[in-house]
Amino acid sequence: MLSELENLCSRYTDLSKTDISLLTEQSRIIADTPEYQELDVFIDVWNVYNNLALVVFHKPPKTKASLYREQIVGKKVLQYNEPAVFHTLETKLNSVDLLARSQERRIIRQRTYPILNDNNEAIGVTIVESDVSRTVLDGFEGANDKTVYDDISSALKLFGQLGNDIIDQLADAILVFNKEGYLVLSNKVAINLYKQLGYFDNIIGLTYDNLSLDGVDFLKIVSYFKHNHKNMITNNFNYLNYYFKEKKLWNTNKDQLILLIQDRTDIKAKEDEINSKSITIRETNHRIKNNLQSVISLLRLQQHRLNNNEAKRALAESISRIMAIASTYELMSKQLVSTTNLKAFIKLFISNFVQLNEQNMKFYIELKIDPQIFVNSDQIVSLAIIINEILQNVVSHAFNGSQKIKKYVQIEAKIVDNIITITVEDNGVGFDTTKVKKDSLGLAIINSYVKDKLSGRLKISSSKKGTKISFSFKQKLQH
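In UniProt numbering, the protein residues as written are 1 to 479.
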């Protein structure tokens with residue numbers, strides 16, 4: 001039986017069996033290495049679907065608590081959170097004591113070492129982690145709350161614990177006020193922000209009321225924390241031509257107010273721009289759908305005038321392909337967002353397909369689609385073309401008159417770790433996959449769209465009991 005490491009590597013990487021065996025052996029070595037017994041140690045690999053790293057092995061400490069509360073194996077690793085992992089995978093060099101942010105938003109230090117195969121290729125990386133944030137967390141009320149843990153352990157208490165050079169790398173403006181309301185600490189982001197707002201002098205020593213951007217004075221904030229027994233206030237507001245997201249936290253141990261300010265002006269402007277464009281996009285999609293339906297009508301007129309059956313068949317296939325694309329624009333013209341619910345689309349597509357092929361429908365279609373799957377507009381058009389070609393093949397070849405069984409096609413779609421897998425299976429006569437025509441346009445279209453448009457993987461299996469076509473690709477919710 002395959003281990004979890006072997007399963008993950010087989011599913012998400014292009015590593016050979018030899019490479020996977022080498023990683024398995026490395027996991028055993030890690031488990032037996034004395035110096036690793038009281039540390040969290042991991043193995044990460046490249047995920048071929050998204051070009052991110054993937055955790056495939058975790059050895060927690062033997063006698064003390066792990067740095068992680070949740071299961072980490074199988075989770076993705078982001079470059080901006082763990083730069084050492086990507087540095088080692090890319091360069092095959094060790095990385096020592098680089099700061100990182102874990103999947104649970106904790107600040108940690110990492111030592112990373114490449115795992116090389118016989119060809120001197122980095123097939124994975126060993127990560128040894130030590131905690132940075134735990135020693136600075138206890139001074140805050142509500143320390144176990146995940147949101148507070150993120151804000152405090154990864155930012156605020158690093159003042160004085162790790163040095164201002166690290167604090168100055170954080171993206172948010174951070175200001176710390178004493179119990180009298182005077183600013184006693186700030187990072188460079190905060191200093192630069194207030195310079196942009198016209199504060200020429202040094203802001204250290206100024207009162208909170210002089211620096212407040214949302215119009216709330218210090219006494220009101222202190223009173224709120226005192227009477228509401230909460231340790232954080234979150235607020236979004238406009239200030240002049242800026243748009244800020246602000247968090248206020250109270251350090252009960254030292255009677256300090258900690259202020260985090262995030263400049264979201266550009267983000268807000270882009271959101272407004274997107275909202276403005278969404279109406280235009282909907283109108284465009286509606287016009288495209290109408291134009292495609294006009295083309296379909298013209299092709300049908302031409303089809304009725306033809307006497308050549310081969311030409312009629314070719315036109316029918318073209319009409320079906322155009323109808324598939326029109327289905328996507330019909331759905332997109334009714335939605336405000338750029339993502340499309342896969343189940344809603346497939347139901348609409350099947351309805352149009354059945355209507356178009358009513359005389360040739362000798363089977364029923366069963367849908368098993370996860371209703372939580374969404375894809376972007378580029379992917380939905382590609383999916384329409386792929387599924388149309390598969391169903392056209394079923395209509396033309398899968399079933400013959402001699403079959404007395406209940407004929408069906410099942411379309412299943414599921415998503416695991418942002419990888420969508422769609423399977424179309426029938427119980428028809430099947431075909432010899434080794435003898436399929438190389439010039440088959442339908443198969444060429446399926447191959448091309450799965451691999452080139454979706455950057456996915458395609459599997460086709462067939463026997464006398466039916467045909468199963470399955471393809472997997474990474475979910476993309478933005479262009």
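We put the beta carbon where it would ideally sit given N, CA and C, even for glycine.
Predicted model, so just to flag it, every value in this text is computed and none were measured.
Annotation for H87: the continuous alpha helix (DSSP H) segment containing it runs P83 to T91. Burial check for Q302: the Cβ neighbour count within 10 Å stays below 16, so the residue is exposed. The shortest CA-to-CA distance from L185 to any of I174, K179 and K195 is the one to I174. Within a 10 Å sphere around the beta-carbon of D426 sit 16 or more other beta-carbons, which makes this residue buried. DSSP lists F244 as the bridge partner or partners of D263. Taking the CA atoms as reference points, G442 sits about 20 angstroms from T421. Within the model, the alpha-carbon separation for N47 versus L249 is close to 38 angstroms. In the three-state scheme derived from DSSP, where H, G and I count as helix and E and B as strand, Q110 is classed as strand. In this structure N119 is exposed. Its beta-carbon is surrounded by fewer than 16 other beta-carbon atoms within 10 angstroms.
Burial check for F349: the Cβ neighbour count within 10 Å reaches 16 or more, so the residue is buried. Boundaries of the alpha helix (DSSP H) harbouring G442: L441 to S448, taken from the DSSP string. DSSP, read as helix, strand or coil, puts K75 in coil.
Here F244 is actually not in contact with L292; their C-beta atoms are around 45 angstroms apart, not less than 8 angstroms.
Rounded to whole angstroms, L391 and S327 show a C-alpha spacing of 15 angstroms. If you draw a 10 Å sphere on the C-beta of S463, you find fewer than 16 other C-beta atoms in it, and that means exposed. Beta bridge pairing from DSSP links T339 with N376. The secondary-structure analysis by DSSP pairs A100 across a beta bridge with I108. Using a C-beta cut-off of 8 angstroms, the stretch 95-103 makes no contact with the stretch 2-14, since fewer than three inter-stretch Cβ pairs fall below that distance. When only Cα atoms are considered, P114 and L52 end up about 16 angstroms apart.
The Cβ atoms of N352 and M323 sit closer than 8 angstroms to each other. Taking a contact as a CB-CB distance under 8 angstroms, the pair V429 and V409 does not count as one, their CB atoms being some 13 angstroms apart. A65 sits in coil when the DSSP states are folded into three classes, being neither helix nor strand. Rounded to whole angstroms, Y49 and T112 show a C-alpha spacing of 23 angstroms. Taking every protein chain shown into account, the CB of T340 has 16 or more other CB atoms within 10 angstroms, so this residue is buried.
DSSP places T423 within a strand segment (E or B) once states are collapsed to three.
The beta carbon of T63 lies closer than 7 angstroms to those of E38 in the same chain, with the five residues before and after it left out. Its chain contains R109 as the residues whose beta carbon lies nearer than 6 angstroms to that of D97, once the 5 sequence neighbours on both sides are disregarded; these appear in chain order. For E82, the closest of D32, R106, L8 and K368 by C-alpha to C-alpha distance is R106. According to the DSSP assignment, F225 belongs to the alpha helix (DSSP H) that extends over F218 to N228. Annotated as distal: Q256 and V375, with beta-carbon spacing of 8 angstroms or more. Collapsing the DSSP output to three states places I30 in a helix. In this structure K459 touches S470 by the C-beta definition: roughly 5 angstroms separates them, less than 8 angstroms. Straight through space, the alpha carbons of I415 and N210 are spaced by roughly 51 angstroms. Counting along the chain, no beta strand (DSSP E) covers Q37, and no H or E run does either. Taking I369 as reference, the option from I411, L23 and I203 with the minimal CA-CA separation is I411.
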